[in-house]
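There are 2 protein chains.
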Amino acid sequence: MPSLGVIPIEGMGEVRPGDAIGTLIVEAAQSQATPIATGDCLVVTQKIVSKAEHRLVELDHSDFAARAELIASETVRVLRRRGDLVITETRHGFVCANAGVDLSNVDDGYAALLPIDGDRSAHRIRNAIRAAIGVDVAVVISDTFGRPWRHGLTDVAIGVAGIAAVVDLRGQSDDRGQELRVTEVAVADEIAAAAELVMGKATGVPVAIVRGLDPSWFRDGSVHELIRPVEDDLFR
Amino acid sequence: MPSLGVIPIEGMGEVRPGDAIGTLIVEAAQSQATPIATGDCLVVTQKIVSKAEHRLVELDHSDFAARAELIASETVRVLRRRGDLVITETRHGFVCANAGVDLSNVDDGYAALLPIDGDRSAHRIRNAIRAAIGVDVAVVISDTFGRPWRHGLTDVAIGVAGIAAVVDLRGQSDDRGQELRVTEVAVADEIAAAAELVMGKATGVPVAIVRGLDPSWFRDGSVHELIRPVEDDLFR
Chain A
0 MPSLGVIPIE GMGEVRPGDA IGTLIVEAAQ SQATPIATGD CLVVTQKIVS KAEHRLVELD
60 HSDFAARAEL IASETVRVLR RRGDLVITET RHGFVCANAG VDLSNVDDGY AALLPIDGDR
120 SAHRIRNAIR AAIGVDVAVV ISDTFGRPWR HGLTDVAIGV AGIAAVVDLR GQSDDRGQEL
180 RVTEVAVADE IAAAAELVMG KATGVPVAIV RGLDPSWFRD GSVHELIRPV EDDLFR
Chain B
0 MPSLGVIPIE GMGEVRPGDA IGTLIVEAAQ SQATPIATGD CLVVTQKIVS KAEHRLVELD
60 HSDFAARAEL IASETVRVLR RRGDLVITET RHGFVCANAG VDLSNVDDGY AALLPIDGDR
120 SAHRIRNAIR AAIGVDVAVV ISDTFGRPWR HGLTDVAIGV AGIAAVVDLR GQSDDRGQEL
180 RVTEVAVADE IAAAAELVMG KATGVPVAIV RGLDPSWFRD GSVHELIRPV EDDLFR
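Top to bottom, those sequences are chains A and B.
All residue numbers for the first sequence refer to numbering that gives the first Met the number 0, where the first residue is 0 and numbers rise by one.
All residue numbers for the second sequence refer to numbering that gives the first Met the number 0, where the first residue is 0 and numbers rise by one.
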């Protein structure tokens with residue numbers, strides 16, 4: 000089994016509304032001498048996707064009522080509320096704090112909302128890279144979510160293109176020849192987590208290449224594979 | 000920022016009760032010409048740790064009453080129950096399915112229980128490697144857990160040695176110079192997830208090297224950093 004490489008893409012500079020992220024990534028990767036190759040999976044953080052896709056909205060960070068209203072507008076269901084914090088289900092089906100409304104890494108006076116359709120954002124980047132250099136890559140859009148029960152945040156996938164979000168190993172046999180029962184692996188979330196290890200939160204690295212993934216995972220996937228239906232969910 | 004490498008360790012063979020896993024890892028890494036080096040983090044799956052630490056117990060897999068009794072004996076709190084599935088809090092404070100009692104990758108007639116103290120297991124492996132080759136490594140013991148709301152399983156940490164489980168970036172400023180509010184990153188969980196990408200579930204790779212992690216994370220850590228106190232938890 001081959002090794003995996005996780006390579007940060009630095010020097011992308013400031014992303015602005017309307018920017019073509021795919022083109023910026025290709026240029027930054029070339030200028031640091033790690034050209035993008037077939038079989039690569041690019042992990043792109045939500046922040047630059049939201050900026051490029053005009054998902055910044057004006058918000059006075061000290062105006063808590065306006066902030067609450069903005070969060071409510073992105074919410075389809077409130078799961079829990081405590082003080083300033085509200086755990087919500089977004090239109091996409093993600094459960095996260097404050098409906099993904101983000102005040103960090105944006106200028107004061109603005110908030111970043113989640114991309115409207117993370118899969119579409121990922122496809123747009125994938126298509127731009129194919130158009131620029133003729134290489135098919137997978138793309139994962141990542142964001143930073145909390146979890147119940149476990150302390151600390153991890154990065155997860157909020158959009159994918161050209162790669163499975165969940166790989167189903169059910170029915171394959173384990174190394175004792177017994178049938179594996181529960182082995183649907185959320186590979187897109189694990190890829191997002193791996194990429195976060197080279198990004199940090201305060202280092203301004205918004206993209207990483209994950210190189211060497213199992214080729215069988217490269218297919219037409221969707222982040223919907225990661226959304227647990229409400230009727231299957233014991234905690235909603 | 001340097002790249003990360005995730006290198007599977009193959010050819011460890013069958014682990015048996017009482018085996019010194021640290022020694023087996025050193026030998027397997029040397030025989031595949033990827034010797035362990037300072038700054039490496041070894042991710043070791045729970046299954047081989049439980050086997051080595053005599054945490055296999057006899058269980059007829061078709062005896063559902065005996066299985067339920069075994070799960071109950073590992074449980075301090077039941078969060079949800081549906082049919083065959085029970086979501087429990089273990090003695091360690093982990094919330095997972097069936098109190099971590101595992102019937103896959105063990106011989107029929109047996110079940111694998113979680114290590115009694117994952118940090119101690121990790122320290123034992125770290126100490127054995129230092130004794131064998133004089134190299135200080137970090138160790139993460141990993142297991143495969145489900146999550147509420149999100150479909151698919153991911154690997155998380157159930158024990159650490161020589162590395163932080165959660166890295167606290169609070170108070171550092173983000174790339175706009177603003178203070179980051181919520182940036183405690185569960186790096187041990189992200190390291191476990193990254194390693195799973197080269198392990199698969201059916202390939203018999205129980206150990207991976209994660210190479211190139213931020214040196215500032217290498218300190219005396221504990222998996223307790225990852226346990227969210229009940230009083231802070233909105234979902235328990």
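Yeah, the Cβ is synthetic: ideal placement off N, Cα and C, and Gly gets one too.
Proximity of chain B to A:Pro147 at the Cβ level (cut-off 8 Å) is accounted for by Val94, Pro147, Arg227, Asp232, Leu233, Phe234 and Arg235, in chain order. Across the set A:Pro16, A:Gly211 and A:Glu224, the C-alpha of A:Pro16 shows the shortest separation from the C-alpha of A:His53. Cβ contact annotation for B:Gly158 (same chain, cutoff 6 Å, sequence separation greater than five): Gly117, Asp118, Ser120, Ala121, Ile140 and Val222, in chain order. Pairing B:Gly108 with B:Glu57 gives a Cβ-Cβ distance under 8 Å. In terms of beta-carbon proximity, A:Leu3 lines the interface with chain B, with at least one pair separated by less than 8 Å. Chain B places no beta carbon closer than 8 Å to that of A:His53, leaving this residue out of the contacts.
Counting the other Cβ atoms within 10 Å of the Cβ of A:Arg125 gives 16 or more, which makes it buried. A:Glu73 is outside the set of residues whose beta carbon lies under 8 Å from a beta carbon in chain B. In this structure, the straight-line span from the alpha carbon of A:Pro214 to that of A:Glu224 is close to 19 Å. From the beta-carbon of A:Ala193, the residues of chain B found nearer than 8 Å are Leu3, Val5, Glu189, Ala192, Ala193 and Leu196. The Cβ atoms of B:Val209 and B:Val5 sit closer than 8 Å to each other.
Interface annotation for the segment 149-165 of chain B against chain A: Arg149, His150, Gly151, Leu152, Thr153, Asp154, Val155, Ala164 and Val165, criterion Cβ-Cβ distance under 8 Å. Ranked by Cα distance from A:Gln45, the options A:Pro1, A:Ile128, A:Val165 and A:Val105 are led by A:Val105. When DSSP reads this structure, A:Asp142 sits in a beta bridge with A:Val155. Looking only at A:Ala65, A:Pro34 and A:Gly151, the smallest Cα-Cα distance to B:Ile226 is reached by A:Gly151. Of the candidates A:Leu41, A:Thr33 and A:Ser72, the residue whose Cα lies closest to the Cα of A:Val206 is A:Leu41. Bridge pairing for A:Ile6: A:Ile208 [DSSP]. With its beta carbon at least 8 Å from every one in chain B, A:Glu57 lies outside the interface. Taking C-beta atoms under 8 Å as the contact rule, A:Gly21 and A:Arg123 qualify, at a distance of about 7 Å.
Between B:Val186 and B:Val43, the C-beta gap is not smaller than 8 Å, which leaves the two residues out of contact.
DSSP places A:Gly117 inside the alpha helix (DSSP H), whose first and last residues are Gly117 to Ile132. By the neighbour-count criterion, in which 16 or more other beta carbons inside 10 Å mark a residue as buried, A:Ser30 falls on the exposed side. B:Ile86: member of the beta strand (DSSP E) spanning Leu84 to Thr89, first to last residue. At a Cβ-Cβ threshold of 8 Å, B:Asp101 and B:Val155 do not count as neighbours.
A:Ala130 and A:Met11 have their C-alpha atoms some 19 Å from each other.
Assigned with DSSP and collapsed to three states, B:Thr22 falls in helix.
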